[in-house]
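In our numbering, the protein residues as written are 1276 to 1876.
From the three backbone atoms N, C-alpha and C, an ideal C-beta is built for every residue, glycine too.
Keep in mind that this is a model prediction, so the values were computed, not measured.
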Ligand code: ADP
Ligand code: ZN
């Protein structure tokens, strides 16, 4: 029998196990139950795929992500693994075919939806088979507190009762302790060996920038850094989704809208195209997300502020599941802060709920305003304890400057007070800068002592000051819907100038400066034509096979081809991700592209 390492190499084309993979596989092969917590992109699938190939019988994989099953199974078949699936998308004939393949012992892996698994008929079928293991993917779906809760997952404790001899592995990327305890309790995994990794996503670059001209900022980001890549642009409202998608399309990008107001068939089509192609920009509300397991999402941009760090981490986490460099960019400004503060003040719900929401928003704002490593702050929020700054976030790459804003803050607060704590930042800034528009004249605000005292700073600079004051909770936002700013207890010492205050100096149009970390991985100009040729070869094969391009080869594999320029099958076989089956099926096609580049140069 082949060893796990031999299988890793010959079938998957990888050279070594990552992190706890080898230990997990060992435990499962020896018949133990296992609980695995690994960040997205950490390599959870191999943890059960390899044991299923080593052990006798068929491995049953339970997953709620029905939309992905077809692709997961196609990917395995491309590797030469005998895999199938059972879910509601199958016709009765396909169902019957899979069932008889199972009965003939012709499958090593079977993916199945939880609602199917728990049916008596399926249980009966499983009892007639030799089963190597059960893998419960997305195991956090048992948690009634989480947003991915699936009632059917609660019934999966039947596996333990019905098949006590079959080892089980539960996998999740959700890190919090309560969820972990719930998984153990509900799935009867008290005896399971636990493998808990941190949940850092080192390949994701985190960037947060002040929003001054979001369209230009987004466009520069897409053109200068993400040309031809797949990615998601999140917006708060349906309306804005439509606008941005239209505008991007008119600028020549492959953009599609996605929000809950679109007809189901349109949503379905857009999602399908996003999954199938390798160059679609999905402009979406947070309705787009569940089950988006596309591995080669290269960027996630937010044009509006997420409501909490949890939401931010989950949404940005959709980038770079393949472990390749990915970038996230959040643009936020004074308006976002005011709008969210208002929405929360007006929201339904009891006081405790509101306080909770406010606290989560405050944590998010804190993350936006910090001047130290963003990743350290993110990971601490979730209970990890990183010891080093990451070197792959905007604060690490271009350390922000701070300035002594004591006097300016005093002016700002005092002007809020003098104008009667009724106006939004826009008007207060006009007063500070001595504008003589009608509104100022009609309220006699040109007669105030604070009129015109802030001419030395630009409108953007004042906006940055007010944003930071609201973000830090030194100014409150009136819940009347007009965004009026109010003084509060905490601002008193600054109003009197008793205490010094330092604020972050925003970089103008800060978008594309901190690219250093990704640049080393960027495609060199002279390699661009070979890169494009490799991608179009992959695309052509993907279309022939009816699978997404990443099922043929991941980006990482194409990158290695670019770097090592293999010209013989033996050399190609050494590239990460080229196993025996793929070498046989696609090797010559890629070698032709590589030789063409070599000999025509
Ligand atoms: P997860 O399910 O944890 O999000 P996956 O199982 O999809 O992650 O793996 C993420 C990516 O890493 C996939 O492209 C997979 O092929 C790759 N991968 C996993 N294990 C290894 C390994 N040992 N060596 C190289 N690549 C790996
Ligand atoms: Zn950092």
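Subject >> Buried versus exposed, by CB contacts within 10 Å (16 or more), residue 1287 >> reply: Buried, because 16 or more other Cβ atoms sit within 10 Å of the Cβ of residue 1287.
Original post:
Relative to the alpha-carbon of residue 1465, which residue among 1471, 1575, 1456 has its alpha-carbon at the smallest distance?
Top reply: Ranking the options by Cα distance to residue 1465, first place goes to 1456.
Subject >> Within the region 1351–1414, ranges of the alpha helix (DSSP H) (whole runs, at least 4 residues) >> reply: Here the runs fully enclosed are 1367–1378, 1389–1392, 1395–1402.
Original post:
Is residue 1861 helix, strand or coil by DSSP?
Top reply: Three-state result, residue 1861: helix.
**OP:** Give the range of the beta strand (DSSP E) segment to which residue 1530 is assigned.
**Re:** Residue 1530 -> beta strand (DSSP E) spans 1530–1533.
Original post:
Sorry if obvious, but does the Cβ on residue 1660 come closer than 7 Å to a heavy atom of the ligand ZN?
Top reply: Checking the Cβ of residue 1660 against the ligand ZN gives no.
Original post:
Got a sec? Which residues, its chain only, sit under 6 Å from residue 1313 by beta carbon, not counting five neighbours each side?
Top reply: The beta carbon of residue 1313 sits closer than 6 Å to the beta carbons of 1319, 1472 from its chain, once the five residues preceding and following it are set aside; these are given in chain order.
Subject >> Sub-8 Å separation of residue 1707 and residue 1728 beta-carbons >> reply: Going by C-beta atoms, residue 1707 is nearer than 8 Å to residue 1728.
Original post:
Where residue 1682 and residue 1778 are concerned, what is the direct C-alpha to C-alpha distance, given to the nearest angstrom?
Top reply: Rounded to whole angstroms, residue 1682 to residue 1778 spans 11 Å at the Cα level.
Original post:
Cβ of residue 1648 within 7 Å of any heavy atom in the ligand ZN?
Top reply: Yes.
Subject >> Beta-carbon separation (whole angstroms), residue 1567 vs residue 1593, contact threshold 8 Å >> reply: About 6 Å separates the two Cβ atoms, so the contact holds.
Original post:
Straight-line CA distance for residue 1731 to residue 1482?
Top reply: For residue 1731 and residue 1482, the distance between alpha carbons rounds to 29 Å.
**OP:** Apply the 10 Å Cβ neighbour rule to residue 1739 and answer buried if 16 or more other Cβ atoms are within range, or exposed otherwise.
**Re:** Residue 1739 is buried by the Cβ-count criterion.
**OP:** Determine the extent of the beta strand (DSSP E) in which residue 1847 is found, giving its start and end residues.
**Re:** Here residue 1847 belongs to no beta strand (DSSP E); instead the alpha helix (DSSP H) covers 1844–1848.
Original post:
Between which two residues does the alpha helix (DSSP H) containing residue 1741 stretch?
Top reply: First-last of the alpha helix (DSSP H) with residue 1741: 1734–1746.
Original post:
Under three-state DSSP, which class holds residue 1523?
Top reply: Residue 1523 falls in the helix class under three-state DSSP.
Original post:
What are the residues that DSSP puts in a beta bridge with residue 1557?
Top reply: Bridge partners of residue 1557: 1507, 1531.
**OP:** Tell me whether residue 1765 sits in a helix, a strand or coil according to DSSP, three-state version.
**Re:** In the structure shown, residue 1765 sits in a helix (DSSP, three-state: H, G or I).
Original post:
Among 1630, 1743, 1757, which has the Cα closest to the Cα of residue 1702?
Top reply: Selection 1630, 1743, 1757 evaluated against residue 1702 yields 1757 as nearest (Cα-Cα).
**OP:** Give every residue of the same chain whose Cβ lies closer than 8 Å to the Cβ of residue 1829, excluding the five residues on either side of it in the sequence, and list them in chain order.
**Re:** Correct list, in chain order: 1570, 1571, 1597, 1599, 1852.
Subject >> Enclosing beta strand (DSSP E) for residue 1502 [first to last residue] >> reply: Note, residue 1502: premise wrong, no beta strand (DSSP E); not H, not E.
Original post:
Can the beta-carbon of residue 1595 be found closer than 8 Å to that of residue 1504?
Top reply: Contact flag unset, no.
**OP:** For residue 1671, I'd like the list of residues in its chain whose CB is within less than 6 Å of its CB, leaving aside the five on either flank, ordered along the chain.
**Re:** So the qualifying residues of the chain are 1648, 1664, 1665.
Original post:
residue 1585 and residue 1575: beta carbons closer than 8 Å?
Top reply: Against a cut-off of 8 Å, the Cβ pair of residue 1575 and residue 1585 comes out as no contact.
**OP:** Can you grab the Cα-Cα spacing for the pair residue 1525 / residue 1725, in whole Å?
**Re:** C-alpha of residue 1525 to C-alpha of residue 1725: approximately 45 Å in a straight line.
Original post:
With 16 other CB atoms within 10 Å as the buried threshold, where does residue 1722 fall?
Top reply: Under this definition residue 1722 is an exposed residue.
Original post:
Should the region 1608–1624 be called in touch with the region 1485–1505, which here means at least 3 C-beta pairs below 8 Å?
Top reply: Between the region 1608–1624 and the region 1485–1505 there are three or more C-beta pairs closer than 8 Å, enough to call the two in contact.
Subject >> Residue range of the alpha helix (DSSP H) that includes residue 1679 >> reply: Run containing residue 1679: none in the alpha helix (DSSP H); it sits in the beta strand (DSSP E), 1677–1679.
Original post:
Out of curiosity, what's the CA-to-CA distance linking residue 1781 and residue 1548?
Top reply: Cα to Cα, the separation comes out at about 38 Å.
Subject >> Coarse secondary structure for residue 1780, derived from DSSP in three states >> reply: Three-state result, residue 1780: coil.
**OP:** Go ahead and label residue 1474 buried or exposed: buried means 16 or more other beta carbons lie within 10 angstroms of its beta carbon, across all protein chains shown.
**Re:** Buried.
Original post:
Touching or not, the region 1851–1865 and the region 1353–1365, by the rule of three or more beta carbon pairs under 8 Å?
Top reply: As far as the Cβ criterion goes, the region 1851–1865 touches the region 1353–1365, which means the pair count is three or higher.
Subject >> the ligand ZN heavy atom lying under 7 Å from the CB of residue 1667 >> reply: Yes, Cβ of residue 1667 sits closer than 7 Å to a heavy atom of the ligand ZN.
Subject >> Distance between residue 1734 and residue 1704 (C-alpha atoms, nearest Å) >> reply: When rounded, the separation of the alpha-carbon atoms in residue 1704 and residue 1734 is 7 Å.
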